[in-house]
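Trainee:
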Amino acid sequence: GAAKLLKMHEDEIEGTIKLMFQPAEEIFEGSQDMIEDGLLENPDVDGALMIHVMANMPFAPGTVIVSAPGVSAPAADYFEIRVKGMGCHGSMPNTGVDPLSAAAHILIALQEIHARELAMDDRAVLTVGTMNAGTAANAIPDMAVMSGSIRAFDEEVRSFIKERMTQIAQGIAKSFRAEAEIVFGSGCPTLVNDKDLSACAEKYVKELLGSGKALSVIELNKMSGEQKPSKSAGSEDFAYISQKVPSVMLALAAGQPEKGYQYPQHHPMVRFDEEALAAGSAVYAYTAMRWLEEHGQKGSPSNR
26 GAAKLLKMHE DEIEGTIKLM FQPAEEIFEG SQDMIEDGLL ENPDVDGALM IHVMANMPFA
86 PGTVIVSAPG VSAPAADYFE IRVKGMGCHG SMPNTGVDPL SAAAHILIAL QEIHARELAM
146 DDRAVLTVGT MNAGTAANAI PDMAVMSGSI RAFDEEVRSF IKERMTQIAQ GIAKSFRAEA
206 EIVFGSGCPT LVNDKDLSAC AEKYVKELLG SGKALSVIEL NKMSGEQKPS KSAGSEDFAY
266 ISQKVPSVML ALAAGQPEKG YQYPQHHPMV RFDEEALAAG SAVYAYTAMR WLEEHGQKGS
326 PSNR
């Protein structure tokens, strides 16, 4: 949609607009791969815009929410903990080493990082989403494996959690005569909204849609009575872009709960109101063109 609109107004574009069609967003790899392949070069990119489609929103479809300046989405890491024991028959547990029991204690102890080792303002989440071990009811397995994710808004907190997870997993496993290996997989850094670009985006979206369908996070907080701008607990690998060039993330409301769109992101029954897509396309095209109009080099020929 945005590409079609930009093509229709190609002669009015005062600069270059790149369209990013990113793969592997859910595993935090596509954005970084595209950067390595030259996404931000030839010509260099001066600003980046992303719109995240959101279901289960209490706003009319097509309403756009502009994130507050600063860090708006946390860094994320996936992890896997492999606990190695020694299998044996369930009737003789003394002849083996139970990795499932060790893994269970590790799982409980990991929750203490947030409860007892982080300050109240150190917003972070550690989630174990899977635990698998064994195939028979009457046998102790050789291996137990758990996996999950970490979210943190501060890089020091992120590093601290990973360090303590390693110490806890290995220490508890050893106390059970088992061994633990923790592997951290693909992740992404914090997503940072540029102050100036956020202000521009808010202005342009309100010009296009009107103030009733364009809201800033700060305005939403005033409506709800909160003192600080709220932040998304979900992570985005658009963060890699935001670490390289001034960037801003917007949210597009695409489904009200009372109209049957009550399921949130990643729920197996989530649906999106496609009525919102036209507004999203228009915001992409209009914001890019207006930013170039105000920040492009006047008088120079367009390099589209």
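Heads up: the sequence shown begins at 26 in the working numbering, then just goes up one per residue. All C-beta atoms, glycine included, are put in the ideal place defined by N, C-alpha and C. Since we're looking at a predicted model, the values are computed, not measured.
(1) Restricting to Cα atoms, I'd like to know which of Gln290, Gln268, Val153, Arg202 is closest to valine 217.
(2) Can you tell me where the alpha helix (DSSP H) with glycine 259 in it begins and where it stops?
(3) Since arginine 107 is in the alpha helix (DSSP H), which residue starts that stretch and which ends it?
(4) Who are the Cβ neighbours of glycine 321 in its own chain at under 6 Å, not counting the five residues just before and after it?
(5) Verify whether the separation of the beta carbon atoms of arginine 107 and alanine 205 is less than 8 Å.
(6) How about the segment 86-97 and the segment 191-199: do they share at least three Cβ pairs that are nearer than 8 Å?
(7) For aspartate 69, count neighbouring C-beta atoms within 10 Å of its own C-beta (all shown protein chains included) and say buried if the count is 16 or more, exposed if not.
(8) Isoleucine 90 lies in the beta strand (DSSP E); which residues open and close that run?
(9) What number of angstroms, rounded off, separates the C-alpha of phenylalanine 263 from the C-alpha of alanine 276?
(10) Once you ignore the five residues that flank alanine 73 on each side, which residues in its own chain have a CB closer than 6 Å to its CB?
(11) May I ask you to verify whether the segment 108-116 touches the segment 158-174, counting CB pairs closer than 8 Å and requiring at least 3?
(12) I'd like to know if the segment 309-320 and the segment 32-52 are in contact, where contact means that at least 3 CB-CB pairs between them fall below 8 Å.
(13) With C-beta atoms as the reference, is methionine 171 less than 8 Å away from valine 153?
(14) Please report the Cβ distance between alanine 101 and glycine 212, rounded to the nearest whole angstrom; I am assuming they are in contact, meaning their Cβ atoms lie under 8 Å.
(15) Given a threshold of 16 other Cβ atoms within 10 Å of its Cβ, counted over all protein chains shown, does lysine 323 qualify as buried or as exposed?
(16) Count the other CB atoms, across all protein chains shown, that sit within 10 Å of the CB of alanine 140; report buried if there are 16 or more and exposed otherwise.
Mentor: Judging by the given coordinates:
(1) Gln268
(2) Unbroken run through glycine 259: none, as it is neither H nor E.
(3) Element bounds for arginine 107: not the alpha helix (DSSP H) but the beta strand (DSSP E), 100-109.
(4) Glu39, Gly40
(5) yes
(6) no
(7) exposed
(8) 89-91
(9) 13 Å
(10) Ile266, Val270, Ser272
(11) yes
(12) yes
(13) yes
(14) 5 Å
(15) For lysine 323, the predicted structure reports a pLDDT of 46, less than 50, and the residue's modelled location is therefore unreliable. A value from the coordinates is still provided. Lysine 323 should be labelled exposed.
(16) exposed
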